[in-house]
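Report on the structure given below.
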Amino acid sequence: MGGVSIADRLVAVRDQVAHATVSAGRSPEDVHLIAVSKTQPASAIREAYAAGQRHFGESYAQELAHKAAELVDLTDLHWHFIGTIQTNKAGLIAPVSERVHAVHSPRHARALAKKHSPIQVLLAVNLGDEDSKTGVQANDVLAVCSEIVAEDGVQLRGLMTLPPNGQDPAPFFEQLASLAEQGRAIGLPLTELSMGMSGDFEVAIAKGATWVRVGTAIFGPRRSR
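Throughout the sequence shown, residue numbering follows my numbering, covering 1 to 225 in sequence.
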């Protein structure tokens with residue numbers, strides 16, 4: 001991607017998102033782009049911000065807190081925490097995050113709400129039964145959602161997933177959308193689906209994604225921490 005600016009790549013990704021949204025017969029307001037900025041310097045975030053991007057995703061609590069402090073002058077920048085939750089890092093995550101996308105237990109939601117309330121969360125779902133990934137198993141999703149909804153100061157918004165590497169992501173995205181539909185049928189507030197990354201966000205949009213998390217297609221190769 002040498003010689004291509006972050007702004008240029010951002011335009012290309014936005015065009016792809018818009019095309020996929022129209023192709024799926026959905027409204028442009030239905031799908032939101034999160035620029036995954038983990039390991040990227042603050043200067044890269046500023047460049048994407050200058051090109052109109054407002055939602056950014058981070059996976060490491062300390063990195064999020066550091067960048068939020070460094071970029072505090074960008075008052076309409078919205079942070080999304082998309083990494084694995086550690087309860088002892090809730091104080092770094094909750095005060096600056098518009099949404100936390102990978103909550104996978106009521107305990108995590110409770111810890112976040114104690115540091116900032118109300119806190120908006122999505123439940124992470126492990127649809128591939130992968131030992132290497134955290135997340136709730138499909139059969140437990142509705143029960144865990146019901147527990148999270150009952151937590152004071154927690155606003156459950158939807159579900160999040162990351163499909164297994166090397167497999168067709170479409171069935172996993174369909175399954176997540178189906179779980180959300182089942183939840184809504186019993187009164188759970190599962191209106192948001194966080195799914196789809198640089199290699200499969202167009203498929204995710206076709207299956208109902210409302211948040212797509214795109215990093216390398218915008219910023220280029222991830223930097224080492």
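A virtual CB, placed ideally from N, CA and C, is assigned to each residue, including glycine.
Residue i versus residue j: straight-line alpha-carbon distance, rounded
i	j	result
Arg46	Asp76	12 Å
Val31	Asp152	28 Å
Arg14	Leu193	18 Å
Arg90	Ala61	For clarity, residue 90 is Ala in the given sequence; the question names Arg instead. Cα-Cα distance, rounded: 8 Å.
Met1	His108	Per-residue confidence for Met1 stands at a pLDDT of 42, beneath the threshold of 50, marking its modelled position as unreliable; the derived number appears in the next sentence. Near 38 Å, if we compare the C-alpha coordinates of His108 and Met1.
Val22	Ala206	9 Å
Ile186	Pro95	31 Å
Glu98	Arg54	11 Å
Ala7	Ala50	8 Å
Thr216	Gly83	16 Å
Val141	Ala65	30 Å
Ala209	Glu70	31 Å
Leu33	Glu202	12 Å
Ile93	Gln175	29 Å
Gly135	Leu10	30 Å
Leu180	Leu159	Correcting the residue type first, residue 180 is Ala in the shown sequence and not Leu. Taking the straight line from one Cα to the other gives about 7 Å.
Thr87	Ser5	37 Å
Met197	Gln137	21 Å
Val144	Ala18	33 Å
Leu188	Leu74	34 Å
For residue i: DSSP bridge partner residues
i	result
Arg99	His80
Gly57	Val36 and His80
Ala124	Met160
Val11	Paired residues: none, contrary to the question.
Ile236	Here the chain covers residues 1 to 225 and nothing more, so residue 236 does not appear.
Arg213	Ile34
Val136	Val125
Unbroken alpha helix (DSSP H) run spanning residue i, endpoints
i	result
Val203	Phe201 to Ala206
Val141	Val141 to Val149
Ser27	Run containing Ser27: none; DSSP gives neither H nor E here.
Leu92	Ala90 to Ile93
Ser43	Ala42 to Ala50
**Prompt:** In chain order, which continuous runs of the beta strand (DSSP E) of length 3 or greater are located wholly inside the stretch 152-199?
**Reply:** 154-161 and 192-194
**Prompt:** Is there contact between the stretch 115-131 and the stretch 152-166, where contact requires at least three CB pairs shorter than 8 Å?
**Reply:** yes
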